[in-house]
Structures are given as structure tokens and as C-alpha cells.
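Enquirer:
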Amino acid sequence: MAAASRAWADFRGSFHWDEYDRAERRELSGDDVLALMFKGELTVEEAVSLLPDSKGELTVEEAISLLLPGEGNAVDAFLSLGVRIGLTTEELLLLQLLASFDRRGEDPELDQWRKVKGPVCPFFLFMMKASVKSGQVSWWQKKKSRFSPERPGYTAALRVARLGADGLHLEQAGEGGQPGALCYQIDRGYVKLRRPKGVVVFREGSDVPLTEVALVRRLPSGDGISITSHVDGLGVQLGDILFILPCSSATVALSFTEQSFKVPTKFTEEPLYGRVGLNFIDITVPIENLIKKLHGMYEQEEQDNKALLEQQNKGDHEDMSELMFCREEQEREREELMRQRKEQEEEKRESLHRSRAESRKNKLMRKEVKKMIAKLNLRPEKNERYEEEYCFNTLFSPPPDSG
Numbered sequence: 167m168a169a170a171s172r173a174w175a176d177f178r179g180s181f182h183w184d185e186y187d188r189a190e191r192r193e194l195s196g197d198d199v200l201a202l203m204f205k206g207e208l209t210v211e212e213a214v215s216l217l218p219d220s221k222g223e224l225t226v227e228e229a230i231s232l233l234l235p236g237e238g239n240a241v242d243a244f245l246s247l248g249v250r251i252g253l254t255t256e257e258l259l260l261l262q263l264l265a266s267f268d269r270r271g272e273d274p275e276l277d278q279w280r281k282v283k284g285p286v287c288p289f290f291l292f293m294m295k296a297s298v299k300s301g302q303v304s305w306w307q308k309k310k311s312r313f314s315p316e317r318p319g320y321t322a323a324l325r326v327a328r329l330g331a332d333g334l335h336l337e338q339a340g341e342g343g344q345p346g347a348l349c350y351q352i353d354r355g356y357v358k359l360r361r362p363k364g365v366v367v368f369r370e371g372s373d374v375p376l377t378e379v380a381l382v383r384r385l386p387s388g389d390g391i392s393i394t395s396h397v398d399g400l401g402v403q404l405g406d407i408l409f410i411l412p413c414s415s416a417t418v419a420l421s422f423t424e425q426s427f428k429v430p431t432k433f434t435e436e437p438l439y440g441r442v443g444l445n446f447i448d449i450t451v452p453i454e455n456l457i458k459k460l461h462g463m464y465e466q467e468e469q470d471n472k473a474l475l476e477q478q479n480k481g482d483h484e485d486m487s488e489l490m491f492c493r494e495e496q497e498r499e500r501e502e503l504m505r506q507r508k509e510q511e512e513e514k515r516e517s518l519h520r521s522r523a524e525s526r527k528n529k530l531m532r533k534e535v536k537k538m539i540a541k542l543n544l545r546p547e548k549n550e551r552y553e554e555e556y557c558f559n560t561l562f563s564p565p566p567d568s569g
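So the working numbering is basically just the index in the sequence shown, starting at one, shifted up by 166.
1) Starting from the N-terminal side, write out each stretch of the alpha helix (DSSP H) that is 4 residues or longer and does not extend beyond the region 350-421.
2) Answer yes if the region 321-328 comes into contact with the region 260-269, meaning at least three C-beta pairs across the two stretches below 8 Å, and no otherwise.
3) For Trp183 and Cys413, what's the separation of their Cα atoms in angstroms?
4) I'd like to know whether the C-beta atoms of Ala416 and Arg317 end up nearer to each other than 9 Å.
5) Suppose you measure from the CA of Ala380 to the CA of Glu468; what does that come to, to the nearest Å?
6) Closest by CA to Gly342, which one among Val429, Lys514, Leu503 and Phe290?
7) Count the other CB atoms, across all protein chains shown, that sit within 10 Å of the CB of Cys349; report buried if there are 16 or more and exposed otherwise.
8) Glu435 and Arg384 - do their beta-carbons sit closer together than 9 Å?
9) Between which two residues does the alpha helix (DSSP H) holding Val332 run?
10) Just curious, the alpha helix (DSSP H) that Glu256 is in, first and last residue?
11) What did DSSP end up calling Pro274 once you bin it into helix, strand or coil?
12) DSSP beta-bridge partners for Ile447?
13) Do Thr431 and Ser297 have their C-beta atoms within less than 9 Å of each other?
14) Under 8 Å: do the region 307-316 and the region 388-397 share three or more Cβ pairs, one atom per stretch?
15) Look at the alpha carbon of Leu400 and the alpha carbon of Leu475, and state the distance between them as a whole number of angstroms.
16) Mind reading off the beta-carbon distance from Gly319 to Gln351? Whole number of angstroms is fine, and I expect it under 8 Å.
17) Put Arg280 into one of helix, strand or coil per three-state DSSP.
18) Using 8 Å for Cβ pairs, my map puts Gly440 next to Leu376. What's the rounded Cβ distance?
19) Since Glu256 contacts Phe446 with CB under 8 Å, what's their CB separation in whole angstroms?
20) In whole angstroms, what separates the C-alpha of Arg532 from that of Arg498?
21) First and last residue of the beta strand (DSSP E) that includes Ala265?
22) By how many angstroms is the C-alpha of Glu513 removed from the C-alpha of Ser525?
23) Do you know how far the Cα of Glu488 is from the Cα of Ile453?
24) Skipping 5 residues on each side, what residues in its chain have a beta carbon closer than 8 Å to that of Thr450?
25) Locate the beta strand (DSSP E) running through Phe289, then write down its first and last residues.
26) How far does the beta strand (DSSP E) with Val303 in it reach, from first residue to last?
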């Protein structure tokens, strides 16, 4: 009964009780009503309808906290009263979460499961998954005898509940009615004061006031997203699994089934809105819409990267063409220089050949002159003078005109 009473106290802050603040006046006193209730002669609804309205008597909230017959029937009692006074489905789900699955600070089974040593107390460990291709979210679960965090830093655990077939009752999330748990962490880097306070928004076509209650952000590794609560005791529903984020800055992670997918770096955060005055939010549709948005951003980023790569390749091709042209020009210049050097060397060789030929010719001519002088038996003085004059005239006289 203690847990149920605490759950009712937590839930009271999420609902306006003005029109139900006092029960109808009847002849029976509050003690008489309680006695009949505990004897089983009155239902919860009948008991509440018979509570007196006089000053100092029980309010409806106080009566419910006392009229609950026990832990086993607490949820049914809550639901019965909630349906009677017209609570919404979200309010009824939050009420059950607070009554049966929100065990902040007093969950010995979960604490024992998280310990390395001690008796085995198995839980089903749940992980949030999403497919980028299909745009749908799902839950992965595995039975574990010992708690093991799904990712670094997410070392705390909280209980999760599964929505029953009737869409109203909650049950244990694990197979065969066994308990389930989800990893979470307290994000020390999250600053609550930076978030907007008291800002009310309205969706198009709806007059229900909404306020920001959580924030979706990109995980640093890019392999998923995180969901961080702005409020204490935020009820969250994703698909058929529900849980309570115990405090502000409490964060859970969602991973993608496609390992190659990375959340675009352009995405930073996305707010999640809940009804004003009710700490409960169904994030199934918002998360699926966000996944589709991220997929579109990812494809656009891939196209931009591809276009940039093509542009770079085109630029590289142009640079390569220019480089090849420069190399060809350099090669042509080098070949031209080598050709010029070769021609110069050929000219030098031809000039040297002509010079040597002339030298040999002159040497032979001098020998012939000396032989002729020797035959003429001329005096040496005359011979020398004749040789000089003859050689000079022979060497430097223009050739006779053939015409």
C-alpha cells in the first residue's frame, strides 16, 4: 500500500482535481465508509461516492490512498477510479507506472541484479532499436543473469513495463511475466537551466497546450540518438514498452540496426513535447518521424559528399591534365635543347675536321715546296725567301677564276 499511496501522490501533481476535490455528502461518516470498504461490502466507486463533504473529512485523494485494499489490487483500484472520473489513457498509464514500476531508491531485485556478486536474479535487458530503411522503432531484449551496460556510461538501470493486449493494463516486460530493465545514465553535461521554462506551444489543429519535456540529441559516436528528460518522473512510451525516467537529466539511448548508418553531423537536437500538467509522453510517432528526417539528411549529406568528391576528382583531373601539359612542354623544351646542343657539337666537329684537313693540306704543300727547292739547288737564303713568298702567295692568294 505504501507504493500505491506514493504513486497516487506523484500522480496528483499531474492532474487537476478541482471538480473532484470533495465527494458527495451522505449520511455515512468516513469511518463507516472505510469499514464497509474493507469488509468488501462496498466497491471503491461506491465508497468514494458515500464519503462526506464536511470540513475536516477525507478528500478523494486521501480516501483512495486509504481505500486501496492492497498491493495486488491497487492498480485495478486506480484504473477503476480513473475510468469513473474520466481520466485519459495517458493518465491511467502514468498512474500504473508510478504505482508498479517506479521504484526509485527501493528496488532490491534490480539492485541485486546489478551487483557483480550475489544470488542470481535474472532480468530481461531491453534496448531501443530503429531501422533507418523502414523508419520504425523496435525493442531488442535478452535474458541476463547479470547486468551489463549496453554502452559505456549507461551504468544505471530502470524497470520497464509492457502494454497489455487491452491497451490499458501494464505487465512485466520480459517473457513469461519476468521483469525487464533498461540502461540509462545521468547526463552530467546536460544543463537544465538552459532549457526553456514555461513555454507553451500548440500543434496545428489542436487546442491542447504542450510544453517541452525531453530532448533528443545525437550520440557522440553517431551510431544512435539519446533521449534526455527535462522533468522528474517522466513517463515514456515507445511502442508497447513504457518506463519512467526518474529525474531531470536522465538519459536513455537508441541505436540503429544499420551499422553503416551515422547520424548526420548537421543534426544537433530535437525537442519532445508533452501535455502541460502531465509528465507523460508517447514518443513512438515523434521518434519515427525523426528517423525519417535523419535518413533524408543522411542521403542529402551523402549526395553532397559525392558531389564534392566528384568536384575534387574533376579538379584533380584538370590539375593532372595541366601537370601533364607542363611535363610535355618541359620534355619538348628539353628535346629542343638537346637538339641544339647536338647541332652545336656537330658544327664543332665539322669545324675541327675542316681545320685539321687544312692543316694537313698546308703541311703537305710545304713539303712539296721544300722538295722543289731542293731540286732547283737554290741558295738557302733564296730558298727561304722563295719559300716564304711562294707559301704566302699560295696560301693567301685567291683561287684562279675558272671562267
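We put the CB at the ideal spot given by N, CA and C, even for glycine.
Given the structure is predicted, the values throughout are model-derived calculations rather than measurements.
Expert: With the structure as the only source:
1) none
2) Short answer: they touch.
3) Unreliable positioning characterises Trp183 in this predicted model, as indicated by a pLDDT of 37, which lies under 50. The coordinate reading is nonetheless provided below. Each residue's CA atom was taken as its position, placing Trp183 and Cys413 some 24 Å apart.
4) Pairing Ala416 with Arg317 gives a Cβ-Cβ distance that is not under 9 Å.
5) 29 Å
6) Phe290
7) buried
8) yes
9) A quick correction: the sequence has Asp, not Val, at residue 332. No alpha helix (DSSP H) holds Asp332; DSSP gives it neither H nor E.
10) Thr255 to Gln262
11) helix
12) Val402
13) no
14) no
15) 45 Å
16) Their Cβ separation, rounded to whole angstroms, is 5 Å, which keeps Gly319 and Gln351 in contact under 8 Å.
17) helix
18) 7 Å
19) 5 Å
20) Their backbone Cα atoms lie some 51 Å apart in a straight line.
21) No beta strand (DSSP E) contains Ala265, which DSSP labels as neither H nor E.
22) 18 Å
23) 51 Å
24) Val303, Gln403, Leu404 and Gly405
25) Phe289 to Ser297
26) Per DSSP, Val303 belongs to the beta strand (DSSP E) from Gln302 to Lys310.
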